[in-house]
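Asks: For the sequence shown, position 58 matches number 58 in my numbering, and the numbering has no gaps at all.
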Amino acid sequence: MLREIKRKIMLMKRINIMVLTAVLFFTIFTLLTSSAVIGKTTSIVAYTDHNPIVITSNNDFVTQGFDDGGTRDGTQGLPYLIEGFKITSSTPEEILILIENTDVYFVIEECLLMGSGTEDDITGIKLEHVQHARIRSNIINSTTHGIRLFQGTSSEYACSQNIIIDNTIHNCSVGIGLDTAEENYIESNTIFNLNNTGISVITSDNVLITKNSIRKSHFGTGFYFYKSDSNLITFNDIDDHSIGIWMLQSIGNEICGNAIVHNIGEAVLLDDTNATMIQHNAIVENYEGVNIFMGSLMNMIRCNNFTSNTDVGVRIANVNCIANNVTDNNFLNNNPGGTSQALDNSGDNLFLHNYWTDASGTDTDSDGYLDTPYSVAGNPGNEDPLPSATGVACGETCPTSLSPVWSSDTPGWSLMLVFVAMLPLLSLRRKK
């Protein structure tokens with residue numbers, strides 16, 4: 001009887017190993033072939049000159065030859081492909097690639113799009129009423145608008161579920177602009193030398209903007225949000241603008257894990273904006289850190305490092321800015337020569353458990369907090385009643401709840417599947 005039980009256990013182990021091995025093989029196969037599935041090929045050695053492209057329906061991809069000789073059908077596995085073209089503007093107000101009124105899957109990749117300057121109203125790529133686009137690894141230079149997504153009211157298609165990834169956009173007025181374009185994904189783009197704004201988000205909700213490098217907009221803005229709610233802005237480098245991130249009349253956005261540095265005005269300006277979560281950011285060597293302005297309410301500022309900003313780390317500018325919380329931040333040598341590293345002109349806000357390099361007092365009861373409150377400047381001003389004695393270390397990470405709506409180029413999820421598939425195999429091996 002015991003021998004029969006052992007035999008069945010060994011048989012089940014072998015079956016489990018065979019199933020898990022099959023899962024592992026499938027996962028590795030998916031990882032190795034994923035680039036082919038989405039239409040990725042080797043980098044373009046030489047571009048092919050092409051006239052501006054205009055597509056106004058799903059069928060235009062076929063009639064204009066972007067189905068690769070009939071081998072692509074516009075599904076997620078076989079998207080239509082616009083690849084390797086050099087398109088140069090020849091007239092003002094020109095759109096180099098215009099896609100309208102489509103919901104098939106397609107890829108625009110490794111194209112070189114050249115405008116004639118920011119004054120001629122040239123647009124590199126414009127999507128209007130489009131879903132399921134992937135715009136990746138393109139170079140866009142000297143246009144007014146680099147990439148624009150727009151949703152009007154005249155089409156059955158929303159401008160959503162699009163991915164903009166790994167593009168280089170420079171010498172433009174606006175790098176990437178979304179106008180009434182919800183649920184889109186913007187990742188790992190390099191945008192620099194701008195006249196106006198790096199990424200502009202207008203009346204667009206549920207957009208994930210992550211891992212982008214936005215540099216040098218001169219007297220412009222790194223990110224601009226207007227009436228846009230529930231967006232997630234994570235792990236971006238925002239460097240050398242007039243304002244790093246400007247949010248106007250927006251609600252429920254999160255700014256997390258970004259490096260916001262060397263801006264000549266505010267790192268973050270909340271302008272009539274409510275319920276923003278600002279956390280885990282490095283806010284360094286700007287003129288000012290976070291400015292809460294014009295009746296902004298219920299914003300949470302926590303677990304940030306405010307370092308060597310010329311003026312205060314946090315300014316609550318107006319008496320009607322109330323119910324904002326400033327907790328568990330590190331304020332490191334901001335407003336040198338001033339009386340405080342923060343300012344509150346309302347007084348109806350919470351400062352608590354922050355670390356201040358210019359705080360005085362001792363921690364006589366060793367509870368981690370100084371016995372002397374830290375004074376926050378302003379009229380009427382405020383105080384942090386329990387300033388941290390040794391510095392704040394927050395262990396949480398930024399959320400990743402908004403994920404790409406179409407499979408990402410990065411192999412992270414596939415590698416995770418490999419790891420998860422291997423865990424039971426390793427566990428079975430240890431039990432032998």
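Where a beta carbon is used, it is the ideal one built from N, C-alpha and C, also for glycine. Fair warning: this is a prediction, and the values are worked out from it, not measured in the lab.
Rounded to whole angstroms, how far is the Cβ of residue 435 from the Cβ of residue 102, which I believe are closer than 8 Å?
Replies: With the chain running from 1 to 432 in the structure shown, residue 435 is simply not present.
Asks: Whose C-alpha, out of 204, 353, 359, is nearest the C-alpha of residue 367?
Replies: Minimum Cα distance to residue 367 is reached at 353.
Asks: Put residue 109 into one of helix, strand or coil per three-state DSSP.
Replies: If DSSP states are grouped into helix, strand and coil, residue 109 belongs with the strands.
Asks: When the Cα of residue 247 is compared with those of 275, 240, 345, which residue comes out closest?
Replies: Out of 275, 240, 345, 275 has the C-alpha closest to the C-alpha of residue 247.
Asks: In whole angstroms, give me the CA-to-CA distance for residue 88 and residue 238.
Replies: When rounded, the distance between both Cα atoms is 29 Å.
Asks: Per the DSSP calculation, residue 130 is bridged to which residue(s)?
Replies: Paired residue(s): 102.
Asks: Entirely within the region 362 to 407 and at least 4 residues each: give me those alpha helix (DSSP H) ranges in chain order.
Replies: Runs found: none.
Asks: Return helix, strand or coil for residue 432, following the three-state DSSP convention.
Replies: Low confidence applies to residue 432: its pLDDT is 39, below 50, so where it sits in the model is not reliable, and the reading given next is rough at best. Residue 432 falls in the coil class under three-state DSSP.
Asks: Could you give the first and the last residue of the continuous beta strand (DSSP E) run that contains residue 150?
Replies: Note, residue 150: beta strand (DSSP E), 145 to 150.
Asks: Measure the alpha-carbon distance for residue 311 versus residue 51 and round it to whole angstroms.
Replies: If I take the Cα positions, the gap works out to 51 Å.
Asks: Between residue 417 and residue 93, what straight-line distance do the alpha-carbon atoms span, to the nearest angstrom?
Replies: In this prediction, residue 417 has a pLDDT of 34, which is less than 50 and means its spatial position is unreliable; nothing more can be read from the coordinates.
Asks: Note down the Cα distance separating residue 110 from residue 190, rounded to an integer number of angstroms.
Replies: Distance between the alpha carbons of residue 110 and residue 190: 14 Å.
Asks: Thinking just about the alpha-carbon of each residue, which of 328, 149, 91, 62 is nearest to the one in residue 390?
Replies: For the residues 328, 149, 91, 62, the minimum Cα distance to residue 390 belongs to 328.
Asks: Measuring CB to CB, does residue 381 end up less than 8 Å from residue 375?
Replies: It is a contact, given that the beta carbons lie within the stated cut-off.
Asks: What is the DSSP secondary structure of residue 83, counted as helix, strand or coil?
Replies: Residue 83: strand per DSSP, three-state reduction.
Asks: Taking the Cβ atom as the reference point for each residue, do residue 293 and residue 398 lie within a distance shorter than 8 Å?
Replies: Contact: no.
Asks: Starting from the Cα of residue 304, find the closest Cα among 257, 341, 220 and give me that residue.
Replies: It is 257 whose Cα lies nearest to the Cα of residue 304.
Asks: How many Å lie between residue 361 and residue 165 at the Cα?
Replies: In a straight line, the C-alpha of residue 361 is about 50 Å away from that of residue 165.
Asks: Leaving out five residues before and five after residue 107 in sequence, what residues of the same chain have Cβ atoms less than 6 Å from its Cβ?
Replies: The residues are 39, 79, 81, 134.
Asks: Classify residue 344 as buried or exposed, calling it buried when 16 or more other Cβ atoms lie within 10 Å of its own Cβ.
Replies: The residue in question, residue 344, is buried, as its Cβ has 16 or more Cβ neighbours within 10 Å.
Asks: Give the C-beta separation of residue 232 and residue 254 to the nearest angstrom, bearing in mind that I take them to be a contact with Cβ-Cβ under 8 Å.
Replies: With a Cβ gap of about 5 Å, residue 232 and residue 254 count as contacting.
Asks: If you follow the alpha helix (DSSP H) that residue 60 is in, where does it begin and where does it stop?
Replies: Note, residue 60: alpha helix (DSSP H), 60 to 63.
Asks: In the structure shown, what three-state DSSP assignment does residue 239 receive?
Replies: It is a strand residue.
Asks: Apart from the five residues just before and just after residue 180, which ones in its own chain have a Cβ nearer than 8 Å to its Cβ?
Replies: 150, 151, 152, 159, 202, 203, 204.
Asks: Residue 289 to residue 120, Cα distance in whole Å?
Replies: Taking the straight line joining both Cα atoms gives about 35 Å.
Asks: For the beta strand (DSSP E) holding residue 54, just list the boundary residues, first then last.
Replies: Here the beta strand (DSSP E) through residue 54 covers 53 to 55.
Asks: Could you pull the start and end residues of the beta strand (DSSP E) that residue 72 belongs to?
Replies: Unbroken run through residue 72: none, as it is neither H nor E.
Asks: Tell me, to the nearest whole angstrom, how far the beta carbon of residue 377 is from that of residue 340; I am working on the premise that it is less than 8 Å.
Replies: At roughly 4 Å, the Cβ-Cβ gap stays under 8 Å, so residue 377 and residue 340 are in contact.
Asks: In whole angstroms, give me the CA-to-CA distance for residue 351 and residue 334.
Replies: C-alpha separation (whole angstroms): 16 Å.
Asks: Name, in chain order, the residues that DSSP records as bridge partners for residue 170.
Replies: For residue 170, which the question treats as bridged, DSSP gives the partners 141, 192.
Asks: In three-state terms, what does DSSP make of residue 180?
Replies: Residue 180: coil per DSSP, three-state reduction.
Asks: Taking Cβ to Cβ, would you say residue 130 is nearer than 8 Å to residue 99?
Replies: It is a contact, given that the beta carbons lie within the stated cut-off.
Asks: Is it right to say residue 267 is buried, meaning 16 or more other beta carbons lie within 10 angstroms of its own, or is it exposed?
Replies: Its Cβ being crowded by 16 or more others within 10 Å, residue 267 is buried.
Asks: Our contact map puts residue 198 next to residue 230 with C-beta atoms below 8 Å; I'd like the distance itself, whole angstroms only.
Replies: So it is not a contact: roughly 20 Å between Cβ atoms.
Asks: Quick test of your reading: residue 212 and residue 188, contact by CB under 8 Å. State the CB separation rounded to the nearest angstrom.
Replies: Indeed they touch by this definition, with Cβ atoms about 7 Å apart.
Asks: Taking the runs of the beta strand (DSSP E) that are 3 residues or longer, which of them lie wholly in the region 195 to 259?
Replies: If we require 3 residues or more, the beta strand (DSSP E) runs fully inside the region 195 to 259 come out as 208 to 210, 213 to 215, 221 to 226, 232 to 234, 237 to 239, 243 to 248, 254 to 256.
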